[in-house]
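Chemist:
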Amino acid sequence: MFTIQKYVRAQSLEEAYELNQGKNNRIVAGMLWLRLGKGRVNTAIDLTDLGLNTIEEDDEKFSIGAMVSLRSLEQHESLNSYTNNAVCNAVKDIVGVQFRNLATIGGSIWGRFGFSDVLTVFLAMDSYVELYKGGIIPLSEFATMKKDKDIIVRIIVKKIPLKIAYRAMRAQRTDFPVLACATSIVDGKARAVVGARPARAKLIMDDKDILTSGISEESKNTFVEYVANNIPTSSNLRGSAEYRTHLLKVLTSRNLTELEEIK
Amino acid sequence: MIDITITLNGKKISDSIEPDSILLDFLRDHKCYSVKRGCETTNCGLCTVLMDGTPILSCSMLTARADGHTIQTLEGLQEEASSFVGFIADQGADQCGFCNPGFVMNTIALLKENPDPTDDEIRAFLSGNLCRCSGYEGQLRGIRNYLNSRVKE
Numbered sequence: 000m001f002t003i004q005k006y007v008r009a010q011s012l013e014e015a016y017e018l019n020q021g022k023n024n025r026i027v028a029g030m031l032w033l034r035l036g037k038g039r040v041n042t043a044i045d046l047t048d049l050g051l052n053t054i055e056e057d058d059e060k061f062s063i064g065a066m067v068s069l070r071s072l073e074q075h076e077s078l079n080s081y082t083n084n085a086v087c088n089a090v091k092d093i094v095g096v097q098f099r100n101l102a103t104i105g106g107s108i109w110g111r112f113g114f115s116d117v118l119t120v121f122l123a124m125d126s127y128v129e130l131y132k133g134g135i136i137p138l139s140e141f142a143t144m145k146k147d148k149d150i151i152v153r154i155i156v157k158k159i160p161l162k163i164a165y166r167a168m169r170a171q172r173t174d175f176p177v178l179a180c181a182t183s184i185v186d187g188k189a190r191a192v193v194g195a196r197p198a199r200a201k202l203i204m205d206d207k208d209i210l211t212s213g214i215s216e217e218s219k220n221t222f223v224e225y226v227a228n229n230i231p232t233s234s235n236l237r238g239s240a241e242y243r244t245h246l247l248k249v250l251t252s253r254n255l256t257e258l259e260e261i262k
Numbered sequence: 000m001i002d003i004t005i006t007l008n009g010k011k012i013s014d015s016i017e018p019d020s021i022l023l024d025f026l027r028d029h030k031c032y033s034v035k036r037g038c039e040t041t042n043c044g045l046c047t048v049l050m051d052g053t054p055i056l057s058c059s060m061l062t063a064r065a066d067g068h069t070i071q072t073l074e075g076l077q078e079e080a081s082s083f084v085g086f087i088a089d090q091g092a093d094q095c096g097f098c099n100p101g102f103v104m105n106t107i108a109l110l111k112e113n114p115d116p117t118d119d120e121i122r123a124f125l126s127g128n129l130c131r132c133s134g135y136e137g138q139l140r141g142i143r144n145y146l147n148s149r150v151k152e
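Laid out in structure tokens, this is it:
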């Protein structure tokens, strides 16, 4: 059973931050995961009055407020044009429209959930997290940090040349993914991200320059093996480690085929 | 206790609530019995309501968060629903009927956003509404027949 003693709509990030330092005080994002938990929240801190529910865009970047819903990400034309629809593909099967209208990017990224499609797709881009106290740090760094009492203000995606493809395997639509794969070429450098391993999404860069001179059948197969050898999977009720590693190879290979076709 | 004011089905309602009051419970306390308690794990869509015109899960919304907003339940959308629920009933799509209000609410939201959806768009939009009696094809046929009837008009 989940209880809340006090509810506050913060009027500034400083107020939200100060409140968040208190014991058992929690930031409320979409409240979908928090709601399923147990325990007593002393103060629920709501960020809805802080104007963090918009996606701003300029020539250099997208600045996505922490309270932007997954549905807004799914429907944002410019973001999906830049990502070859990968962001839409990553979120469109997360439960249902009603759920995605509530779930926020801030909550999804902050949670660093093992099953996260959102973390997986954003790790495959040149993404950053803007923290209220911690400043702007690469998402890849944030993904490995322990949870603390800071607040995500925005997710920033830099607009550098990008080709990206996203695929996930689900036992059925709207279920958690058995495995999630994002593959990209960011400013000429390939990277692969594998989520729902079932652990937290892991990023690997093409440090051996396997795809630097282009995607061919041979380089594709070599890269897929490189990713499989460097990103561990494990077993749970949804699938065995062996099955996940097999999926990893298939999905990454299909992503690379898709990248070949992007002009 | 927190004092809130919500516009519920066109009427302003002021009340005092506990900080952890959930919108689903608040709505049922205000006699909106179409809002059903289903899975309470955000999966089934039975508790779907419109908040400022957008479909959400009332089982996962703090009532305090709805303060100052407009909430619509099936009780307040009878006219919109009446245009197509007969088509769903004609297909025998609902057996026990428990999921029906959630389906209808989300269909209203779909048709507001996309008045002429394809079958795949209908399936995608309604994928967060579970029915344990039927195979969803009846609901799809009902909505399709409604859309086709509109074209004939």
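Here the protein sequences come in this chain order: A and B.
Mapping to numbering that gives the first Met the number 0: the first sequence position 5 is 4, numbers consecutive.
Mapping to numbering that gives the first Met the number 0: the second sequence position 49 is 48, numbers consecutive.
Virtual Cβ for every residue (Gly too), placed ideally from N, Cα, C.
#1: Kindly indicate the opening and closing residues of the beta strand (DSSP E) around residue 112(A).
#2: Assuming residue 194(A) and residue 77(A) make a contact with CB atoms under 8 Å, what is their CB distance in whole Å?
#3: Where do the N-terminal and C-terminal ends of the alpha helix (DSSP H) with residue 119(A) fall, by residue?
#4: Given this structure, state the Cα-to-Cα distance separating residue 84(A) from residue 94(B), to the nearest angstrom.
#5: Taking residue 46(B) as the reference, give the member of 52(B), 112(B), 99(B) with the closest Cα.
#6: Short check: CB of residue 204(A) to CB of residue 59(B), under 7 Å?
#7: Which residues mark the beginning and the end of the alpha helix (DSSP H) in which residue 41(A) is found?
#8: Three Cβ pairs or more, each shorter than 8 Å: is that satisfied between the segment 208–218 of chain A and the segment 120–135 of chain A?
#9: State the Cα-Cα distance for the pair residue 42(A) and residue 139(B), rounded to the nearest angstrom.
#10: Applying a beta-carbon distance threshold of less than 7 Å, which residues of chain A neighbour residue 64(B)?
#11: Consult DSSP for residue 54(B) and reduce its assignment to one of helix, strand or coil.
#12: Answer yes if the segment 12–29 of chain A comes into contact with the segment 98–110 of chain A, meaning at least three C-beta pairs across the two stretches below 8 Å, and no otherwise.
#13: Taking the beta carbon of residue 105(B) as the centre, do at least 16 other beta carbons fall within 10 Å, making it buried, or is it exposed?
#14: With distances taken between CB atoms, is the gap from residue 183(A) to residue 123(A) smaller than 7 Å?
#15: DSSP three-state label for residue 242(A), please.
#16: Cα separation between residue 86(B) and residue 150(B)?
#17: Going along the segment 104–128 of chain A in order, which residues come within less than 7 Å of chain B, judged by CB to CB distance?
#18: Could you give the first and the last residue of the continuous alpha helix (DSSP H) run that contains residue 219(A)?
#19: What do you reckon, are the CB atoms on residue 160(A) and residue 167(A) nearer than 7 Å?
#20: Judging by CA-CA distance, which residue of 92(A), 93(A), 207(A) is the nearest neighbour of residue 224(A)?
#21: Could you pull the start and end residues of the beta strand (DSSP E) that residue 180(A) belongs to?
#22: Give the single residue among 257(A), 230(A), 128(A) whose Cα lies nearest to the Cα of residue 109(A).
#23: According to DSSP, residue 168(A) sits in a beta bridge with which residue or residues?
#24: My output table needs one value for residue 100(B): the three-state DSSP class, helix, strand or coil.
#25: Note down, in chain order, each residue of its chain lying with its Cβ closer than 7 Å to the Cβ of residue 62(B), except the 5 sequence neighbours on either side.
#26: Which class does residue 55(A) belong to by DSSP, given the choice of helix, strand or coil?
#27: Which residues in chain A have a C-beta closer than 7 Å to the C-beta of residue 128(B)? List them in chain order.
#28: Between the alpha carbons of residue 89(B) and residue 187(A), how many angstroms are there, rounded?
#29: Quick one: is residue 28(B) near chain A, going by C-beta distance under 7 Å?
#30: Along the segment 140–174 of chain A, what residues have a CB closer than 7 Å to any CB found in chain B?
#31: Could you spell out where the beta strand (DSSP E) holding residue 190(A) opens and where it closes?
#32: Are the segment 147–162 of chain A and the segment 44–62 of chain A touching, with three or more C-beta to C-beta distances below 8 Å?
Modeler: For this structure:
#1: Translated into the one-based positions of the first sequence, residue 112(A) becomes position 113. No beta strand (DSSP E) holds residue 112(A); DSSP gives it neither H nor E.
#2: Along the first sequence, one-based indexing puts residue 194(A) at 195. Along the first sequence, one-based indexing puts residue 77(A) at 78. Contact flag wrong, Cβ pair sits at about 24 Å.
#3: To locate residue 119(A), count along the first sequence from 1; it is residue 120. Where residue 119(A) is concerned, the enclosing alpha helix (DSSP H) starts and stops at 116–122.
#4: Reading the first sequence from its first residue, position 85 is the one you call residue 84(A). Reading the second sequence from its first residue, position 95 is the one you call residue 94(B). Distance between the alpha carbons of residue 84(A) and residue 94(B) is about 38 Å.
#5: Position 47 of the second sequence, counting from 1, holds the residue named residue 46(B). Nearest of 52(B), 112(B), 99(B) to residue 46(B), Cα basis: 99(B).
#6: For the purposes of this step, residue 204(A) is identified with residue 205 of the first sequence, where counting begins at 1. For the purposes of this step, residue 59(B) is identified with residue 60 of the second sequence, where counting begins at 1. Contact: no.
#7: As a first step, residue 41(A) must be located in the first sequence, where it is residue number 42. Run containing residue 41(A): none in the alpha helix (DSSP H); it sits in the beta strand (DSSP E), 38–45.
#8: Judged by Cβ distances under 8 Å, the segment 208–218 of chain A makes no contact with the segment 120–135 of chain A, as fewer than three pairs qualify.
#9: Sequence index remark: in the first sequence, residue 42(A) carries index 43 (1-based). Sequence index remark: in the second sequence, residue 139(B) carries index 140 (1-based). So the alpha carbons of these two residues sit roughly 44 Å apart.
#10: Sequence index remark: in the second sequence, residue 64(B) carries index 65 (1-based). Under the 7 Å cutoff, chain A gives 45, 47.
#11: Residue numbering aside, residue 54(B) sits at position 55 when the second sequence is read from its first letter. Here residue 54(B) sits in strand by DSSP.
#12: yes
#13: Taking the second sequence and counting its residues from 1, the one referred to as residue 105(B) is at position 106. Buried, by the Cβ-count rule.
#14: Against the first sequence, residue 183(A) aligns to sequence position 184. Against the first sequence, residue 123(A) aligns to sequence position 124. Going by C-beta atoms, residue 183(A) is nearer than 7 Å to residue 123(A).
#15: Reading the first sequence from its first residue, position 243 is the one you call residue 242(A). Helix, per DSSP.
#16: For the purposes of this step, residue 86(B) is taken as residue 87 along the second sequence, with counting starting at 1. For the purposes of this step, residue 150(B) is taken as residue 151 along the second sequence, with counting starting at 1. Residue 86(B) and residue 150(B) have their alpha carbons spaced roughly 14 Å apart.
#17: Listed in sequence order: no entries.
#18: The residue given as residue 219(A) occupies position 220 in the first sequence. That run of the alpha helix (DSSP H) goes 216–229.
#19: As a first step, residue 160(A) is located in the first sequence; it is residue number 161 there, counting from the start. As a first step, residue 167(A) is located in the first sequence; it is residue number 168 there, counting from the start. In this structure, residue 167(A) does not lie closer than 7 Å to residue 160(A) by Cβ.
#20: As a working mapping, residue 224(A) is identified with position 225 in the first sequence. Nearest option by C-alpha distance: 207(A).
#21: Working through the first sequence from its first residue, we reach residue 180(A) at position 181. Residue 180(A) -> beta strand (DSSP E) spans 176–185.
#22: Sequence index remark: in the first sequence, residue 109(A) carries index 110 (1-based). Comparing Cα positions, the closest option is 128(A).
#23: Here residue 168(A) is taken as the residue at index 169 of the first sequence, counted from 1. Answer by DSSP bridge pairing, in chain order: 178(A).
#24: Locating residue 100(B) in the second sequence gives position 101, where the first residue counts as 1. Three-state result, residue 100(B): helix.
#25: Along the second sequence, one-based indexing puts residue 62(B) at 63. Here the set comprises 3, 16, 20, 21, 22, 25.
#26: Mapped onto the first sequence, residue 55(A) falls at position 56. Residue 55(A): strand per DSSP, three-state reduction.
#27: In the second sequence, the residue the question calls residue 128(B) occupies position 129. Simply 95.
#28: One-based indexing of the second sequence puts residue 89(B) at position 90. One-based indexing of the first sequence puts residue 187(A) at position 188. Roughly 57 Å between the two C-alpha positions.
#29: Within the second sequence, the letter at position 29 stands for residue 28(B). So no, residue 28(B) is outside the interface.
#30: 172, 173
#31: Counting from 1 along the first sequence, the entry for residue 190(A) is found at position 191. For residue 190(A), the uninterrupted beta strand (DSSP E) run begins and ends at 188–194, by DSSP.
#32: yes
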